[in-house]
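Residue 85 in my numbering sits at position 74 of the sequence shown; the count goes up by one each step and never skips. Note that CB positions come from ideal geometry on N, CA and C, so glycine has one too. In this text, all values refer to a predicted model and were calculated from it rather than measured experimentally. Written out below as structure tokens is the structure these notes cover.
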Amino acid sequence: EMGIALLDPFQSSITVTKLGDNVTLTCKIPRDDVGLSYWYKLKFGNMIETIASGSFDKISLKGPFNNSRFNSTKVGDIYSLTITNATKEDEATYLCQGGTAYIMEFFNSMLLVVDDTKTLQKSFTVKQTSDVESVHLGDTMTLQCSLLSENKDDTDQCPDEDKVHWFKGASESHPGSIYHGSLRNKEDGRCDYSLSKTVTNSSDAGTYYCAVVTCGQILFGEGTEVEIEGFPLVTVLVILLTCSVVVNIALILTRKQKQKPDWKHSRGRLLTHAY
Numbered sequence: 012e013m014g015i016a017l018l019d020p021f022q023s024s025i026t027v028t029k030l031g032d033n034v035t036l037t038c039k040i041p042r043d044d045v046g047l048s049y050w051y052k053l054k055f056g057n058m059i060e061t062i063a064s065g066s067f068d069k070i071s072l073k074g075p076f077n078n079s080r081f082n083s084t085k086v087g088d089i090y091s092l093t094i095t096n097a098t099k100e101d102e103a104t105y106l107c108q109g110g111t112a113y114i115m116e117f118f119n120s121m122l123l124v125v126d127d128t129k130t131l132q133k134s135f136t137v138k139q140t141s142d143v144e145s146v147h148l149g150d151t152m153t154l155q156c157s158l159l160s161e162n163k164d165d166t167d168q169c170p171d172e173d174k175v176h177w178f179k180g181a182s183e184s185h186p187g188s189i190y191h192g193s194l195r196n197k198e199d200g201r202c203d204y205s206l207s208k209t210v211t212n213s214s215d216a217g218t219y220y221c222a223v224v225t226c227g228q229i230l231f232g233e234g235t236e237v238e239i240e241g242f243p244l245v246t247v248l249v250i251l252l253t254c255s256v257v258v259n260i261a262l263i264l265t266r267k268q269k270q271k272p273d274w275k276h277s278r279g280r281l282l283t284h285a286y
């Protein structure tokens, strides 16, 4: 019986390409026993589709993807899917799977966004409330963005929370992770969304973007840069003062312990003199 290992649905990467450009998605499968491999396409509101399947080094494209616009290759442990002349129809989540006849595992999930700025509906905009956010390690940061419409009736039905994605931009070789936030408020011409996240390490710093799926398109905010600050000066002074007090108390107790008279030996000397 074949087993399947699932990928965490809240962690993914994002690739943005322009309409008509060529784009290559890559997936590293660091296993020596991989005999089977698959590429899948998951589009919003549609069933998952199989793009390509591979048996060892032989890879074949499936169904509507078996044409000159798609190509899948394998070099070592790197599996690639190339899409030429990208269209809005290619905008979807792509998943890479590999393994053996006994167990299959998802190794990567990539959201492909096709930027078509010429046809974006100007009546909608995404606005992030802050350009820069400063936080400390251990703090919980809350990022906010709003979907604004020129027509107040357009936001009677705000996009669901699963249509709002937050992702952290990074270097081109390390795409950002995707997060899901929540709908906080909706009013005439406005839908407000937020993302709350605990800052655990320095890798949480970066620029966070809000992306809203509406009217069959994805609209992006301009981004909020998150900066991680060191401990505040007051906190440092309090810590140093506390350490100083503790050390002084320890020294005082140690000194008193050394000065404490030995009553047992003193009593013995007194008894000896008495006899």
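Residue span of the beta strand (DSSP E) that contains residue i, given as start and end
| i | result |
| --- | --- |
| L30 | L30 -> no beta strand (DSSP E), and no H or E assigned at all. |
| M152 | T151 to S160 |
| I40 | It is not in any beta strand (DSSP E) - I40 carries neither H nor E in the DSSP assignment. |
| L72 | K69 to L72 |
| C221 | G217 to T225 |
| C288 | Beyond the ends of the chain as shown, which are 12 and 286, falls residue 288; an answer cannot be given. |
| F55 | Premise fails: F55 is in no beta strand (DSSP E) and is neither H nor E. |
| G65 | E60 to S66 |
| T136 | F135 to Q139 |
| E144 | V143 to H147 |
| V175 | V175 to G180 |
| V237 | T235 to E240 |
9 angstroms Cβ cutoff met for residue i and residue j
| i | j | result |
| --- | --- | --- |
| C107 | Y51 | yes |
| G31 | A97 | yes |
| L148 | I239 | yes |
| M152 | E144 | yes |
| I25 | L158 | no |
| T218 | K174 | no |
| S64 | S48 | yes |
| T35 | S91 | yes |
Chain B contact for residue i (CB, 9 angstroms cutoff)
| i | result |
| --- | --- |
| N77 | Absent here is chain B; the protein component of the structure consists of one chain. |
Residue of the options minimising C-alpha distance to residue i
| i | options | result |
| --- | --- | --- |
| V223 | F67, Y49, E238 and L194 | L194 |
| I89 | D142, N212 and T37 | T37 |
| I59 | G74, V45 and G46 | G74 |
| C221 | D203, S134 and N119 | D203 |
| T84 | E100, S66 and G200 | S66 |
| S141 | L230, L154, D150 and F135 | L154 |
| T104 | T136, D68, N196 and T61 | T61 |
| R42 | F117, E102, S207 and C156 | F117 |
| G200 | I94, T136, R266 and K39 | T136 |
| S214 | R266, L252, V146 and F231 | V146 |
| E308 | T211, C169, T209 and Y113 | Within the shown structure, residues of the chain are numbered from 12 to 286, placing residue 308 beyond reach of any answer. |
Residue(s) in a DSSP beta bridge with residue i
| i | result |
| --- | --- |
| N120 | This sequence places Ser at residue 120; Asn is not what is there. Bridge partners of S120: L106. |
| F81 | I94 |
| V86 | I89 |
| L230 | V223 |
| N196 | D203 |
| D126 | K29 |
| S48 | G65 and G109 |
Distance cut-off 8 angstroms: residue i Cβ against heavy atoms of the ligand ZN
| i | result |
| --- | --- |
| T140 | As for the ligand ZN, it is missing from this structure, which has no ligand bound. |
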